[in-house]
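Okay, so the sequence shown: first residue is 1 according to UniProt numbering, each after it adds one.
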Amino acid sequence: MESPERPRPPRGRRTTALIAGAAVLGVLAGAVTGYAVQYQREPTPLPPLARAELRYPKPLPADAKTTARSLSAHRWDRTDGDLRELLVKKPKGARTVQKADWVDLPDYASDFRLPDHVFEGLVKSGFRRAATVHWSEGNSIHVTVTIVQFRDDERLEASKFAADQQQFMGDDDWAGNKGSAIAGTKSGRTWVFDEPERNPGYEPYYEARAVAFRGDVFMDISYDNNSGPVPKKAFEALVKRQLELL
């Protein structure tokens with residue numbers, strides 16, 4: 001059976017389609033011709049940028065006064081220098097028990113109750129170096145300030161170590177209280193122990209401690225008094241001065 005004839009499109013629609021097709025072909029032909037002509041031409045140089053000429057000082061040759069700090073002054077940080085110089089100075093009239101000096105990792109870890117555990121933890125956390133100073137005032141007040149610098153390549157190790165030291169300070173075996181926040185720090189705290197340490201034949205031993213960090217440096221201050229309660233204002237003033245140096 002013969003299939004029915006499809007309806008023929010109106011004459012006007014077919015004519016319009018033919019004209020539109022011819023127009024598209026004309027545009028494509030013109031684009032191709034233009035590209036071919038442009039391809040044969042030499043490239044036209046761009047005009048110079050409108051900017052003032054920049055002048056840089058000529059680098060000076062190194063001499064006897066040149067140091068690593070002067071070579072990279074734009075990248076230098078206070079803690080990149082001699083760490084001992086960032087330790088707070090003893091007050092006038094105090095007696096030096098130990099001058100500001102370096103302390104190596106084994107000696108620093110030996111001051112803790114579990115030195116082997118602390119030593120291993122510090123090695124893993126990127127211990128870089130440490131410095132300490134110790135003085136006494138009137139044979140009654142004894143102060144030890146220690147700062148420890150870490151290699152904070154992947155995370156803030158100084159912050160983590162400070163948090164580890166702070167977590168047990170509220171126990172009865174230690175300060176027995178939550179301590180006080182140090183103004184101007186993210187999480188630094190001071191503690192004045194609730195009860196002095198009492199031993200037969202000795203005067204009560206009153207204690208205070210401050211723990212904080214600045215950047216990659218951990219700060220630890222022990223402030224003890226064997227003749228009476230810790231003078232809180234003097235202790236807090238010392239903590240403030242040490243933090244300012246960091």
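Even for Gly, the Cβ is constructed at its ideal location relative to N, Cα and C.
Report all residues from its chain with a CB closer than 7 Å to the CB of residue i; omit the five preceding and five following residues, and keep chain order.
i	result
residue 180	189 and 190
residue 242	88, 145, 219 and 221
residue 239	182, 190, 210 and 221
residue 177	170, 191 and 194
residue 115	109
DSSP state of residue i, grouped into three classes?
i	result
residue 224	strand
residue 202	coil
residue 166	helix
residue 5	Note that residue 5 scores a pLDDT of 39, beneath 50, so its modelled location is shaky and nothing firm can be said.
residue 158	helix
residue 85	helix
In chain order, what residues of the same chain have a beta carbon less than 6 Å from the beta carbon of residue i, not counting five sequence neighbours either side?
i	result
residue 212	182, 185, 188 and 219
residue 204	196 and 198
residue 90	135
residue 118	109 and 112
residue 137	94
residue 226	140, 203 and 205
residue 148	130 and 218
residue 229	206
residue 165	211
Would you check if the distance between the CB atom of residue i and the CB atom of residue j is smaller than 7 Å?
i	j	result
residue 127	residue 105	yes
residue 223	residue 143	yes
residue 158	residue 84	no
residue 86	residue 145	no
residue 133	residue 163	no
residue 192	residue 232	yes
What are the start and end residues of the alpha helix (DSSP H) that includes residue i?
i	result
residue 124	115-124
residue 109	105-109
Under a Cβ-count criterion, where at least 16 other Cβ atoms within 10 Å of its own Cβ denotes burial, should residue i be classed as buried or exposed?
i	result
residue 97	exposed
residue 139	exposed
residue 217	buried
residue 210	buried
residue 175	buried
residue 122	buried
residue 235	buried
residue 237	exposed
residue 150	buried
Considering just the uninterrupted stretch of the beta strand (DSSP E) at residue i, what are its terminal residues?
i	result
residue 239	Looking at the DSSP string, residue 239 is not in any beta strand (DSSP E); the run it does join, the alpha helix (DSSP H), is 232-245.
residue 100	95-102
residue 130	127-137
residue 144	141-150
residue 189	189-192
For residue i, which residues of its own chain have a beta-carbon under 8 Å away from its beta-carbon, when the five flanking residues on both sides are left out?
i	result
residue 152	126, 158, 215 and 216
residue 160	125
Taking 7 Å as the CB-CB cut-off, is residue i touching chain D?
i	result
residue 201	Of the protein chains in the structure, only one exists, and it is not chain D.
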